[in-house]
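Colleague: Okay, here's the structure, questions in a sec.
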Amino acid sequence: MTVNIDKLRKMAEQITANMAYTDDQTVVASKVADHLNRFWDPRMKAALRDYASAHSAELSPALRKAVMQLDV
Amino acid sequence: MNGNMDNFYQVGREHDYGTPPADSENSVSLSIDGARITVPEGTSVLRAAALAGRQIPKLCAVEDLSAFGSCRLCLVEIEGRSGYPAACTTLVAEGMAIATQTPRLAELRRNVMELYISDHPLDCLTCPANGDCELQDTAGAVGLREVRYGYQGANHLAAETDASSPYFSFDPSRCIVCSRCVRACDEQQGTFALTVDGRGFDSKIAASQDQPFLDSECVSCGACVKACPTATLTEKSVIELGQPDRAVITTCAYCGVGCSFRAEMQGDQLVRMVPNRDGHANHGHSCVKGRFAFGYANHPDRITQPMIRESIDQAWQAVSWEQAIAHAAARLKTIQNHYGPKAVGAISSSRCTNEEVYVVQKMVRTAFGNNNVDTCARVCHSPTGYGLKTTLGQSSGTQTFDSVMAADVIIVIGANPTSAHPVFASQMKRRLRQGAKLIVADPRRIDLVESPHTRADFHLQLQPGTNVALINALSHTVISEGLEDTDFVASRCDTEAYRTWREFISAERNSPEAMQGITGVPAEQVRAAARLYAGAGNGAIYYGLGVTEHSQGSTMVMGIANLAMATGNFGRAGVGVNPLRGQNNVQGSCDMGSFPHELPGYRHLSDRQTRQQFEQDWQVVIDPQPGYRIPNMFDAAINGEFMGLYIQGEDLAQSDPDTQHVHAALGAMECVIVQDLFLNETAKFAHVFLPGSSFLEKDGTYTNAERRISPVRQVMPPLSGMAEWEITCALSTAMGYPMHYAHPSQIMDEVARLTPSFAGVSYARLEQQGSLQWPCNETSPNGTTFMHVDEFARGKGLFVPTPYVETDERSNSRYPLLLTTGRVLSQYNVGAQTRRTPNQQYHVEDRIEIHPSDAEVRGITDGSWVGVKSRAGETVLRAELTERVQPGVLYTTFHHPQSGANVVTTENSDWATNCPEYKVTAVQAYPVNQPSAWQALFQQQAKQQEELLPSVLPG
Numbered sequence: 189m190t191v192n193i194d195k196l197r198k199m200a201e202q203i204t205a206n207m208a209y210t211d212d213q214t215v216v217a218s219k220v221a222d223h224l225n226r227f228w229d230p231r232m233k234a235a236l237r238d239y240a241s242a243h244s245a246e247l248s249p250a251l252r253k254a255v256m257q258l259d260v
Numbered sequence: 004m005n006g007n008m009d010n011f012y013q014v015g016r017e018h019d020y021g022t023p024p025a026d027s028e029n030s031v032s033l034s035i036d037g038a039r040i041t042v043p044e045g046t047s048v049l050r051a052a053a054l055a056g057r058q059i060p061k062l063c064a065v066e067d068l069s070a071f072g073s074c075r076l077c078l079v080e081i082e083g084r085s086g087y088p089a090a091c092t093t094l095v096a097e098g099m100a101i102a103t104q105t106p107r108l109a110e111l112r113r114n115v116m117e118l119y120i121s122d123h124p125l126d127c128l129t130c131p132a133n134g135d136c137e138l139q140d141t142a143g144a145v146g147l148r149e150v151r152y153g154y155q156g157a158n159h160l161a162a163e164t165d166a167s168s169p170y171f172s173f174d175p176s177r178c179i180v181c182s183r184c185v186r187a188c189d190e191q192q193g194t195f196a197l198t199v200d201g202r203g204f205d206s207k208i209a210a211s212q213d214q215p216f217l218d219s220e221c222v223s224c225g226a227c228v229k230a231c232p233t234a235t236l237t238e239k240s241v242i243e244l245g246q247p248d249r250a251v252i253t254t255c256a257y258c259g260v261g262c263s264f265r266a267e268m269q270g271d272q273l274v275r276m277v278p279n280r281d282g283h284a285n286h287g288h289s290c291v292k293g294r295f296a297f298g299y300a301n302h303p304d305r306i307t308q309p310m311i312r313e314s315i316d317q318a319w320q321a322v323s324w325e326q327a328i329a330h331a332a333a334r335l336k337t338i339q340n341h342y343g344p345k346a347v348g349a350i351s352s353s354r355c356t357n358e359e360v361y362v363v364q365k366m367v368r369t370a371f372g373n374n375n376v377d378t379c380a381r382v383c384h385s386p387t388g389y390g391l392k393t394t395l396g397q398s399s400g401t402q403t404f405d406s407v408m409a410a411d412v413i414i415v416i417g418a419n420p421t422s423a424h425p426v427f428a429s430q431m432k433r434r435l436r437q438g439a440k441l442i443v444a445d446p447r448r449i450d451l452v453e454s455p456h457t458r459a460d461f462h463l464q465l466q467p468g469t470n471v472a473l474i475n476a477l478s479h480t481v482i483s484e485g486l487e488d489t490d491f492v493a494s495r496c497d498t499e500a501y502r503t504w505r506e507f508i509s510a511e512r513n514s515p516e517a518m519q520g521i522t523g524v525p526a527e528q529v530r531a532a533a534r535l536y537a538g539a540g541n542g543a544i545y546y547g548l549g550v551t552e553h554s555q556g557s558t559m560v561m562g563i564a565n566l567a568m569a570t571g572n573f574g575r576a577g578v579g580v581n582p583l584r585g586q587n588n589v590q591g592s593c594d595m596g597s598f599p600h601e602l603p604g605y606r607h608l609s610d611r612q613t614r615q616q617f618e619q620d621w622q623v624v625i626d627p628q629p630g631y632r633i634p635n636m637f638d639a640a641i642n643g644e645f646m647g648l649y650i651q652g653e654d655l656a657q658s659d660p661d662t663q664h665v666h667a668a669l670g671a672m673e674c675v676i677v678q679d680l681f682l683n684e685t686a687k688f689a690h691v692f693l694p695g696s697s698f699l700e701k702d703g704t705y706t707n708a709e710r711r712i713s714p715v716r717q718v719m720p721p722l723s724g725m726a727e728w729e730i731t732c733a734l735s736t737a738m739g740y741p742m743h744y745a746h747p748s749q750i751m752d753e754v755a756r757l758t759p760s761f762a763g764v765s766y767a768r769l770e771q772q773g774s775l776q777w778p779c780n781e782t783s784p785n786g787t788t789f790m791h792v793d794e795f796a797r798g799k800g801l802f803v804p805t806p807y808v809e810t811d812e813r814s815n816s817r818y819p820l821l822l823t824t825g826r827v828l829s830q831y832n833v834g835a836q837t838r839r840t841p842n843q844q845y846h847v848e849d850r851i852e853i854h855p856s857d858a859e860v861r862g863i864t865d866g867s868w869v870g871v872k873s874r875a876g877e878t879v880l881r882a883e884l885t886e887r888v889q890p891g892v893l894y895t896t897f898h899h900p901q902s903g904a905n906v907v908t909t910e911n912s913d914w915a916t917n918c919p920e921y922k923v924t925a926v927q928a929y930p931v932n933q934p935s936a937w938q939a940l941f942q943q944q945a946k947q948q949e950e951l952l953p954s955v956l957p958g
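Residue numbers (my numbering), protein chains in the order written: chain A, 189 to 260; chain B, 4 to 958.
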């Protein structure tokens, strides 16, 4: 692992919490994915995606959905 | 090499029309000494005469101050009226016929002058004002030839000089009690530190309770010194050096107000900085930093020769520019060959000019071939960029500073303008004295809450970290009480987004009653404040880093925009959302494409059309994916995949949070290139040091918090031989991407060519206009005063729901207090500049403010040493017991590196931008009797670094 995954996870969950003004997880997930795609270096996105594929249960449901929409 | 000397903008004495301009659309015609003139209604006869080219003798009048009518020199005769009215207090009327010179007037003026001179030292040849004395000039103008009273009578000639201020001298023996200084302190600065003590012959000027200036309430803004018509108040530099022989108009390099100054020179020697009356941001006012604290530019600590070393424990080796650039380029290329092209990056500085910043991001995207560029705005106003772009469509403040003069209700959130943006604060206080209402939202009782002749109507003293809870409660009140501007929302904002937001904000959980347990602000106060703001004709919001530097910084910015949209406060004078930028060129460094996700003009990399435009112009392929932000760079360095960093004028090792983490990251890199004036804290980790140039040594532009692009003009050659943009271009060229500009104006031409909002900007236009507010293009060729007038930059304004998410950084039994940070007036940011000036006398050390009750239970006394420990680290500071902070809250500044304020701040950051959460750190405080382990190490390292400097260096 080339990046600190705990930190990335924390940042991604923070983004998710700030997008979570609706109960519609699909809406939240697409907003989170859009944010990550626009502002994260692809290496960070890739690390999060790799982590999610092995530990998806540890991510919040919306973030789990969002990771599937990352452009890396 | 040293800039284009043709661009020098040399000017003579500043004009002075005697009284301020009148603001009226009606005009009045009159005759002055037979000459016809038409002026705005409300103009004084004195000003009208000056505009007609007739200089009426005067002493107590000056254009910056309202007319006073005390000196009795500007007397005139008006046809059909009896007596000799003072021209300064008499307003023009239609058809008036005025005589400014008659035998009777000449006699009266000579009599008055005779009285003044009978009590004045007649040592004009050795007086510091010689060559710049209005008293002397006026004596000459009225033809004074004798003083019939003699000089032996009672006088003030033995009055003692007060030299307590490091910057100016007060010699009351030369005073004519015109009260210009008193009025400058009242009207311009708003501090009311000066007064006329006594009456009649005994009248004298006194600071506070007749104290030395240094011990008084004086804030050393210099307004009184500028206003003084004699040598009574004089800059010490003028006393020492004599009168300047030329002036160059330039822009201050301190805060985001961006004051215009006349750099008054003798040859290459800067004699004094005098605020420019025609300056659009400051209108002739200044603060202690811009006016006086420029001595750092010639400080012996300046490093003026490039240096290199193999590793950071080795001694520095002074080398030529060619060697330094070649060495830096070779090391960066070696890193890229070994770790890949994305293993290097750069950080641009908000202290540098637009042109210097632009070439840094261009170098990264071309020579480095990646998007790893970020700017120090990351750690201050990146949430402003994100939040305002999202809601309004443009990453900038919406107004001019002058707009505040039309505001009816002003909200100040998380900003301390009297300390951090003092010249704007003076203007705001002027408006408050005219009757505007003020709401302050701040955990600490800042000076604006209660200052001479101004008082906040509400001080919402919230808990640190609860901004979003508060703004939601304010917006909830507006919606639930039906106070919104429905017409504005319907016509100007996105309907669907508004509906979603309205539903969100109306929820009971956002009510002031539900939020008061979180914010600590009584619900009734919040409701009353919301009513006041929503009911104002014009409501203006000003905010600072107390809004952005939080885990929800971006959310808060959007919350502010939501509130302003809901109440229709956009698109005209007196309203808007106004970020107060910390550094001189925060706005500019963001505008210039310094962020890893966007190109100049805030255009995202994923926008193919924009990318192609740059690709064609630059002849490279641009990576459409964002690069690393500063904190990402640090993490990647520690993980061994980011190894080379070029840092333009920023002291990361001191200014960024969680010092120990930053030091570990910098220490892990294989090539750190520091470009700075001084061997700063970051340079301790550097392999290459490239000497920077001060704002006095180069041409360029800064963009202030109003989007105002102002010229910076070279007044002396760069001490190191190279301006900073030239250094970057040389490095880029050595890295294989040639960059050649003959002058910064060519860089601005490129910016204008590639950036729609800058299309109309050029040095020629700046020369004509003095300054330009972007957007400046075909649609608004003279720039843009107010943003979002007919529609928002994004079309329809976008309401964004802003759920309050508690920060992780909360207090508990181990860390029961919340530490927040800020600045003082006299020091600037990490103090690299101001600590190297006599400003140091005003603030010799950072202290920790603690409420007396918190201090008492811990056995902490005023002035004693206090250990402050957080989850990140521990430092020791001296205590200041004060009720400015509420119980449970600590406050400190970060102007001195050995204070280690950032040793305790954590790496928590804003969710959207990673702007660090400087403003909230959970800590414990306890009495100690020695510095922390970190501070001991700091001392040791500082000493080591000094020993590693080559002895051949000048200074």
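Using N, Cα and C, we set each Cβ at its ideal position, and we do this for glycine too. Owing to the predicted nature of the structure, the values given are computational and were not obtained by experimental measurement.
Could you check the C-alpha separation between Ala331(B) and Leu722(B) for me, to the nearest Å?
Modeller: Looking up residue 331(B) in the second sequence gives position 328. Looking up residue 722(B) in the second sequence gives position 719. Taking the straight line from one Cα to the other gives about 21 Å.
Colleague: For a contact defined as C-beta to C-beta under 7 Å, what are the partners of Tyr631(B) on chain A?
Modeller: Within the second sequence, numbered from 1, the residue matching residue 631(B) stands at position 628. What Tyr631(B) touches in chain A: Asp229.
Colleague: Excluding the 5 residues flanking Glu729(B) on each side, which residues of the same chain have their C-beta closer than 6 Å to its C-beta?
Modeller: Here residue 729(B) is taken as the residue at index 726 of the second sequence, counted from 1. Annotation for Glu729(B): no residue places its beta carbon closer than 6 Å to its own, counting only its chain and skipping 5 residues before and after.
Colleague: For the 8 Å Cβ check, are there 3 or more pairs between the segment 455 to 472 of chain B and the segment 189 to 202 of chain B?
Modeller: The segment 455 to 472 of chain B, when compared against the segment 189 to 202 of chain B, does touch it at the 8 Å Cβ threshold.
Colleague: Which residue from Ser85(B), Ala939(B) and Val715(B) puts its Cα closest to that of Gly773(B)?
Modeller: Mapped onto the second sequence, residue 773(B) falls at position 770. Considering only alpha carbons, the answer is Val715(B).
Colleague: Would DSSP call Arg1035(B) helix, strand or coil?
Modeller: Shown here, chain B extends from 4 to 958; a query on residue 1035(B) therefore has no answer.
Colleague: By Cβ distance, which residues of its chain are closer than 6 Å to Val426(B), with the 5 residues on each side in sequence left out?
Modeller: Residue mapping note: residue 426(B) aligns to position 423 of the second sequence, counting from 1. Answer for Val426(B): Val260, Cys262, Asn285, His288 and Cys290, listed in chain order.
Colleague: Short check: CB of Gly72(B) to CB of Ala52(B), under 8 Å?
Modeller: Position 69 of the second sequence, counting from 1, holds the residue named residue 72(B). Position 49 of the second sequence, counting from 1, holds the residue named residue 52(B). No, Cβ-Cβ distance for Gly72(B) and Ala52(B) is not below 8 Å.
Colleague: If you check the beta carbons only, do Ala234(B) and Cys91(B) fall under 8 Å apart?
Modeller: One-based indexing of the second sequence puts residue 234(B) at position 231. One-based indexing of the second sequence puts residue 91(B) at position 88. With respect to the 8 Å criterion, Ala234(B) and Cys91(B) are not classified as neighbours on the basis of their beta carbons.
Colleague: CB-CB under 6 Å to Thr190(A), same chain, minus the five flanking residues each way: which ones, in chain order?
Modeller: Counting from 1 along the first sequence, the entry for residue 190(A) is found at position 2. With a pLDDT of only 47 at Thr190(A), under the threshold of 50, the placement of this residue in the model should not be trusted; the figure read from the coordinates follows. No residues qualify anywhere along the chain.
Colleague: In chain A, which residues lie less than 7 Å from Asp377(B) when you measure between Cβ atoms?
Modeller: Residue numbering aside, residue 377(B) sits at position 374 when the second sequence is read from its first letter. Within chain A, no residue comes near Asp377(B); the closest Cβ sits about 11 Å away, beyond 7 Å.
Colleague: Quick one: is Ala221(A) near chain B, going by C-beta distance under 8 Å?
Modeller: By one-based count along the first sequence, residue 221(A) stands at place 33. Cβ-Cβ to chain B under 8 Å: no for Ala221(A).
Colleague: Hey, does Ser609(B) have any beta-carbon neighbour from chain A nearer than 8 Å?
Modeller: Here residue 609(B) is taken as the residue at index 606 of the second sequence, counted from 1. Judged by the 8 Å Cβ criterion, Ser609(B) is in contact with chain A.
Colleague: Within a Cβ cutoff of 6 Å, which residues of the same chain sit near Ala423(B), ignoring the five residues on either side of it in sequence?
Modeller: To locate residue 423(B), count along the second sequence from 1; it is residue 420. Beyond the five residues adjoining it in sequence on each side, Ala423(B) comes within less than 6 Å, by CB distance, of Arg826 in the same chain, given in chain order.
Colleague: Please list the residues of the segment 203 to 217 of chain A that have a C-beta atom closer than 8 Å to any C-beta atom in chain B, keeping them in chain order.
Modeller: Ile203, Ala205, Asn206, Ala208, Tyr209 and Thr210
Colleague: Is the separation between the beta-carbon of Lys440(B) and that of Leu535(B) shorter than 8 Å?
Modeller: As a working mapping, residue 440(B) is identified with position 437 in the second sequence. As a working mapping, residue 535(B) is identified with position 532 in the second sequence. Cβ atoms of Lys440(B) and Leu535(B): closer than 8 Å.
Colleague: Under 8 Å between beta-carbons, which chain A residues line up against Val382(B)? List them in chain order, please.
Modeller: Sequence index remark: in the second sequence, residue 382(B) carries index 379 (1-based). None at all; the shortest Cβ gap to chain A is about 16 Å.
Colleague: Using a threshold of 8 Å, state whether the C-beta atoms of Asn917(B) and Pro467(B) are closer than that.
Modeller: If you number the second sequence from 1, residue 917(B) lands on position 914. If you number the second sequence from 1, residue 467(B) lands on position 464. Contact flag unset, no.
Colleague: Please name the residues in the segment 795 to 808 of chain B whose beta-carbon is closer than 8 Å to at least one beta-carbon of chain A, in chain order.
Modeller: Those would be Pro804, Thr805, Pro806 and Val808, in chain order.
Colleague: Can you check whether the CB of Gln651(B) is closer than 8 Å to the CB of Cys188(B)?
Modeller: Position 185 of the second sequence holds residue 188(B). Position 648 of the second sequence holds residue 651(B). Their beta carbons are not under 8 Å apart, which means Cys188(B) does not touch Gln651(B) by this criterion.
Colleague: Could you check whether the segment 373 to 393 of chain B touches the segment 555 to 572 of chain B, counting it as contact only if at least three pairs of C-beta atoms, one from each stretch, sit closer than 8 Å?
Modeller: yes
Colleague: List, in order along the chain, the chain A residues whose C-beta lies closer than 8 Å to that of Ala915(B)?
Modeller: To locate residue 915(B), count along the second sequence from 1; it is residue 912. Those within 8 Å of Ala915(B) in chain A are Ile203, Asn206, His223 and Phe227.
Colleague: To the nearest angstrom, how far is it from the Cα of Ser240(B) to the Cα of Asn301(B)?
Modeller: Counting from one through the second sequence, the residue named residue 240(B) turns up at place 237. Counting from one through the second sequence, the residue named residue 301(B) turns up at place 298. Their Cα atoms are separated by approximately 14 Å.
Colleague: Should Asp213(B) go down as buried or exposed, given a rule of 16 or more other Cβ atoms within 10 Å for buried?
Modeller: To locate residue 213(B), count along the second sequence from 1; it is residue 210. With fewer than 16 other Cβ atoms within 10 Å, it is exposed.
Colleague: What would DSSP say about Phe297(B), mapped onto helix, strand or coil?
Modeller: Within the second sequence, the letter at position 294 stands for residue 297(B). Three-state DSSP puts Phe297(B) in coil, outside helix and strand.
Colleague: Examine chain B for any beta-carbon lying closer than 8 Å to the beta-carbon of Thr190(A), and answer yes or no.
Modeller: Reading the first sequence from its first residue, position 2 is the one you call residue 190(A). Note that Thr190(A) scores 47 on pLDDT, short of 50, meaning its location in the model is unreliable and no value can be drawn from it.
Colleague: Looking only at its own chain, which residues have a Cβ that is under 6 Å from the Cβ of Val888(B), when we skip the five neighbours before and after it?
Modeller: In the second sequence, the residue the question calls residue 888(B) occupies position 885. Hits under 6 Å: Arg447, Glu852, His854 and Tyr894.
Colleague: Between Asp661(B) and chain A, is there a C-beta pair that is closer than 8 Å?
Modeller: For the purposes of this step, residue 661(B) is taken as residue 658 along the second sequence, with counting starting at 1. Taking Cβ atoms only, chain A never reaches closer than 8 Å to Asp661(B), which makes this a no.
Colleague: Pairing CB atoms from the segment 367 to 377 of chain B with CB atoms from the segment 539 to 548 of chain B, are three or more of them under 8 Å?
Modeller: Touching, no.
Colleague: Considering only the beta carbon of each residue, do Thr823(B) and Val923(B) sit closer than 8 Å?
Modeller: Residue numbering aside, residue 823(B) sits at position 820 when the second sequence is read from its first letter. Residue numbering aside, residue 923(B) sits at position 920 when the second sequence is read from its first letter. Yes; because the gap between Cβ atoms is below 8 Å, this pair is in contact.
Colleague: Do the segment 167 to 187 of chain B and the segment 264 to 274 of chain B touch if we need at least three Cβ pairs shorter than 8 Å?
Modeller: no
Colleague: Starting from His462(B), follow the beta strand (DSSP E) in both directions and report where the run begins and ends.
Modeller: Taking the second sequence and counting its residues from 1, one reaches residue 462(B) at position 459. Run containing His462(B): Phe461 to Leu463, per the beta strand (DSSP E) assignment.
Colleague: Assuming Ala318(B) and Leu951(B) form a contact by the criterion Cβ under 8 Å, report the distance between their Cβ atoms to the nearest whole angstrom.
Modeller: Residue 318(B) sits at position 315 when you count from the first residue of the second sequence. Residue 951(B) sits at position 948 when you count from the first residue of the second sequence. With a contact defined as Cβ atoms closer than 8 Å, Ala318(B) and Leu951(B) qualify at about 5 Å.
Colleague: Output yes if chain B places a C-beta closer than 8 Å to the C-beta of Lys195(A); else output no.
Modeller: As a working mapping, residue 195(A) is identified with position 7 in the first sequence. So, interface residue.
Colleague: Helix, strand or coil for Gly870(B), going by three-state DSSP, please let me know.
Modeller: For the purposes of this step, residue 870(B) is taken as residue 867 along the second sequence, with counting starting at 1. Here Gly870(B) sits in strand by DSSP.
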